Each structure stands twice: as structure tokens, then as C-alpha cells.
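Chemist: One structure coming up, written as C-alpha cells, with questions to follow.
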Amino acid sequence: MKMHKFSYLCPHSVAEACAYLARYGKQAKIMAGGTDLIIKLRDAGPELRDVAYVIDISFLDELKMIRETSGHIIVGALTTHEEMADSPVIRGYLPSLAQACSLVGSPQIRNRGTLGGNIINASPAADTVPVLLSLDASLSVTSLAGEETVGMGDIFQQPYRTKIKPEELLTKIIIPKPPAGCKMVFEKLARRNSLAISRMNVAVLIKTDQEGRVSLARIVPGSVTPLPQRFYGAEEILIGKQPDAGLLHRVGEAAAGEMIRQSGVRSSTAYKKPVLHNLVVRAVEKALGVRKVNE
Amino acid sequence: MVVNGHDVQVSVAPNARLLDVLREELDLTGTKEGCGIGECGACTVILEGKPVNACLVLAGSAQGKHIQTVEGLTGQEELHVLQKSFLKKSAVQCGFCTPGMLMSAKALLDQVPRPTEEEVKRAVSGNLCRCTGYKQIVEAILDAAQDDGKNPS
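These protein sequence lines map, in sequence, to chains A and B. According to our numbering, the first sequence holds residues -14 to 280 in order. According to our numbering, the second sequence holds residues 21 to 173 in order.
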């Protein structure tokens, strides 16, 4: 086993971590839970050639919290997936996020892997990212220059790379409390029920008015486009309508079509097209209450 | 760090993993390396009360923390109730997954003394076994949980 060689740094405050980042920039990698980074370090690939420092931020207790304000849920970047899945606040206000976190990896991975790490690792197959996009989350990013807020939709550059700069540290995820009456669903498709990466997933958030017409719709498939994003075309089909099977069919078609438009026609397209169609329809049906959540 | 109740101090390379510290520095070879990438659970230990893959924890991250390995399941000569149940229910074949399975099970029973079958399955959902087909392992953990309930000590 080859393990990349590096110096180990262990800051005990966010300020200290930012000072290290300012000093070492691209020569340093931040380690939160380590469940993605250590695998890369073990591979010791060429992309690590310039990496001489690992900054262990796992002792920064100030980044471990789930806080509720009148309008938002604020989650520290070091909150683990297991803490998210177990939190009464997250389960109560953001059930699809608790659900997504509960499906990451395995219990062992969920006890170390963090929400911040899942975002920054920027895998196209990340489980929490589509949900955070469906919730219109923002990120609080800190450096020696101060703190900045950036929308989730604006941070991805390319697969496995965010626009976060080398001297910056993700500290908080800020999630507006969804309007009352919103229903949210997360569906994951994977080879197994556990220890499995999403082959496809989708996060959906829907609100209907008193007549049953859709007033709010957010549809975010994951693992099907290079960058995760809301599928506005599919969402617009629902707005103002009372959904029936025909309408949902068009939503599924729109989602599958958008996937193909962005990712191109591949050998897997014949399989993925109907599967994404059905996955999106299934998630929307669950959000509308016409399909049982446990199916 | 504190390993199985004992204070230990080791000096290791910056890139050493907790798994390396346990096996190479402390001679606690009960914890196994099955894959090295967190996908099999053979290296499961209990860190601050929670099951984790020791192959994915850098030694530095374990500073000052409490760690329990399979060797720490019992202080005396006698086997832990989980180990007895595993033997009773034929839940051990090659034995390679067993320490990890025991630690995931121990972590569960520490939090949930009388788990349901679903809770047991979820608790070991990060532990792969190539021999048994899992049925005997799940039965052993449920059996141990019943035993714990009968004889609290």
C-alpha cells in the first residue's frame, strides 16, 4: 500500500486553520471526516504531487452544530451524516436531507463523513448535494479576509471541484426553512442498500395550494449530469397545474431529456432514460402523497 | 489516546492510520485490514462510542480519544456475551470479518440493548462477510441482546 507522504497539521481554531490555508494554499488538503481524502491519499496519485500538508480540522468543535433560527437551519460543516440523520431538527424541518444523510455509505462512514466534506468533495453522485440544492441552501465560506456567503447553485466548477479557493474553508451550511406545507422526498438508486454510491438519485420539493395545484416545485436529479442542478424545465411543467398521470409523464420525459441534453447519448442512455423518468415520477408522486413513501 | 481503557502514547509517521497504530504499534492485530478504503468494515473499531473504519482515521485524528477494539471486549479470560453467541450460532467461519462484526454489534448494544432485527441488520450494514450469508451473524447478535437482558451484570 502506498500512502502519500505529508506533514500533519492540527489547528484548534478556525482562525488557525485559515492561517494555515493562507500560508500553504494548494500545498494543503483539508481533512474533515477523512472518508474521501484518505482514500485519495492512499492512492497517492499524481494529482497529489504538490500536496505536502494535511490540515486536520476534525478538532474544530465550533463547526459541529445544528442550530435553528426563526427562518433558517444552520449546520456546521463538520456535522456528520449520522448526526444529521439522527437530529430531530433536521428530521422535523428537512426530512429529505435527513434521509439522504442516512443513506450515505455505511454506519462507520456516516460516523466520520461530514456534510461539508460531501459538498466540497463535489462528487456528481453526492447524496446530500441534490437535496441541498432543492432546499436553496447557501454556504458560509471563511478565510483570513473574512466570511462570505455563496449559493449552493454557484459553487460547482466541474466534477470533483468546487469554486472554493485554496485559502478558503467551508464553515456553515445555511438552509432556509421551507414554506409551510412543502413536501420533500429523496430517492436513491444504487447497486445495494448499503455501502453503495448513488447510480442515480433525485431530490424533490413540492408545495400545492388548497385546490391541489402545484405552487412550488424543485426537482434536482443527481449523478446524471456533470454538475448537479435544478431541472427548471421539468419543474415548470408542474407549476399551476393539478398533477395527473399524463402531466407526471411529461415531467419524467423532460427530466430524462435534460439529462441526455447535458450528458450526451452514451451506451448507458437506453437504460438511464426510462430509469430517470421513473425515478423522478416516483419521487414527485411521493411528494404529492399519491404514492406511499416506503414503496 | 485511550485504547481498551489503557492510556497509550505512540510516535508514528504523519500518514499513519489508526489501523496501523493498532496493529503495528500496539500489537492489537484483532482489527483487520480487508480493503483499506472503508468498503468492508473488517477494520471497524469503536471510537468515542461510535463504530468507525480504522482504515479511514489518521492517527492524529485519534489523539486524546477513547478507542475500543475486539481485544477490549472483555477484561477477563471469559468471552463477551457477543462472542459466546457468535460461537453458539455458528456465526464465525473464516473469522476475518468477525472482529469488525463484533465491534459494530457492541456499538449497537451499547446504545440499544434490545434491538429489532432491522436495527441489527442496519448496524452491520457496513460489514461484509463472504462466508456465512449473514443470517447466523444477525441471529447471534439478537441472541446476545436477549442474554444481556436476562443477566445484567
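The C-beta atom is built at its ideal place from N, Cα and C for all residues, glycine as well. Being a predicted model, the structure only gives us computed values, none of them experimental.
1. Name, in chain order, the residues that DSSP records as bridge partners for A:Phe171.
2. Is it right to say A:Thr147 is buried, meaning 16 or more other beta carbons lie within 10 angstroms of its own, or is it exposed?
3. Note the first and the last residue of the continuous alpha helix (DSSP H) segment covering A:Pro73.
4. Using the Cβ count rule (16 or more neighbours within 10 Å means buried), how would you classify A:Ala13?
5. Could you pull the start and end residues of the beta strand (DSSP E) that B:Thr118 belongs to?
6. Classify B:Glu18 as buried or exposed, calling it buried when 16 or more other Cβ atoms lie within 10 Å of its own Cβ.
7. Who are the Cβ neighbours of B:Asp108 in its own chain at under 8 Å, not counting the five residues just before and after it?
8. Could you check whether the Cβ of A:Met169 sits closer than 8 Å to any Cβ belonging to chain B?
9. Can you pull the DSSP bridge partners for A:Arg267?
10. Count the other CB atoms within 10 Å of the CB of B:Ser81; is the residue buried (16 or more) or exposed (fewer)?
11. Apart from the five residues on each side of it in sequence, which residues of its chain come closer than 7 Å, Cβ to Cβ, to A:Ser(-8)?
12. Based on the DSSP secondary-structure assignment, which residues constitute the bridge partners of A:Gly61?
13. Mark B:Ser31 as exposed unless 16 or more other C-beta atoms lie within 10 angstroms of its C-beta, in which case mark it buried.
14. Mind pulling the chain A residues with CB within less than 7 Å of B:Ser81?
15. Closer than 8 Å is the cut-off here; do at least three beta carbon pairs connect the region 42 to 50 of chain A with the region -4 to 9 of chain A?
16. Below 8 Å between beta carbons: does that hold for A:Val114 and A:Pro213?
17. Alpha carbon to alpha carbon, how far is A:Asn186 from A:Gly237? Give it in angstroms, no decimals.
18. Residues in the same chain with beta-carbon distance under 6 Å from B:Pro172, minus the five sequence neighbours each way, listed in chain order, please.
19. Can you list, in chain order, the residues of its chain with a C-beta nearer than 8 Å to that of A:Ile306? Leave out the 5 residues immediately preceding and following it.
20. By the three-class DSSP mapping on this structure, what secondary structure does A:Ile281 have?
21. Helix, strand or coil for A:Thr254 per DSSP?
22. Got a sec, what are the start and stop residues for the alpha helix (DSSP H) A:Phe44 sits in?
23. On the three-state DSSP scale, how would you describe B:Tyr154?
24. Where does A:Lys14 sit, in a helix, a strand or coil, going by DSSP?
25. Just the Cα atoms here: how many angstroms apart are A:Ile105 and B:Glu98?
26. Quick one: which chain A residues come within Cβ less than 7 Å of B:Lys70?
27. Return the first residue and the last residue of the beta strand (DSSP E) that A:Glu284 is part of.
28. In whole angstroms, what is the alpha-carbon distance linking A:Glu132 and A:Ala175?
29. Go to A:His234, then tell me how far its alpha helix (DSSP H) extends in each direction, as first and last residue.
30. Find out if the Cβ-Cβ distance for the pair B:Val90, B:Met123 is shorter than 8 Å.
31. Using a Cβ-Cβ cut-off of 7 Å (strictly less than) and excluding sequence neighbours within five positions of B:Pro71, which residues of its own chain qualify?
32. Label B:Lys85 either buried or exposed according to how many other C-beta atoms from any shown protein chain fall within 10 Å of its C-beta, with 16 as the threshold for buried.
33. Taking the C-alpha atoms as reference points, what is the distance between B:Leu78 and A:Cys86?
34. Kindly indicate if chain B contains any beta-carbon less than 8 Å away from that of A:Ile105.
35. Return the first residue and the last residue of the beta strand (DSSP E) that A:Gly30 is part of.
36. Report yes if the CB atom of A:Lys192 is closer than 8 Å to the CB atom of A:Pro164, and no otherwise.
Modeler: This is what the structure holds:
1. A:Ala188
2. buried
3. 73 to 78
4. buried
5. Where B:Thr118 is concerned, there is no enclosing beta strand (DSSP E), although the alpha helix (DSSP H) it sits in stretches over 118 to 131.
6. Residue 18 of chain B lies beyond the stretch modelled for chain B, which goes from 21 to 173, so this question has no answer here.
7. Going by the sequence as given, residue 108 of chain B is Lys instead of Asp. Taken in chain order, the residues that qualify are Ala160, Asp163.
8. no
9. In the DSSP output, where bridge partners are listed per residue, A:Arg267 has none listed.
10. buried
11. Ala37, Tyr38
12. A:Lys157
13. exposed
14. Gly19, Asp41, Ser43
15. yes
16. yes
17. 13 Å
18. With a pLDDT of only 41 at B:Pro172, under the threshold of 50, the placement of this residue in the model should not be trusted; the figure read from the coordinates follows. So no residue of the chain qualifies.
19. Residue 306 of chain A lies beyond the range of chain A shown here (-14 to 280); nothing can be said about it.
20. What is shown of chain A runs -14 to 280, which leaves residue 281 of chain A out entirely.
21. helix
22. Per DSSP, A:Phe44 belongs to no alpha helix (DSSP H) and is neither H nor E.
23. coil
24. strand
25. 47 Å
26. Asn96
27. Because chain A spans -14 through 280 in this model, residue 284 of chain A falls outside it and cannot be assessed.
28. 37 Å
29. 230 to 248
30. yes
31. Thr64, Met123, Ser124, Ala127
32. exposed
33. 23 Å
34. no
35. A:Gly30 -> no beta strand (DSSP E), and no H or E assigned at all.
36. yes
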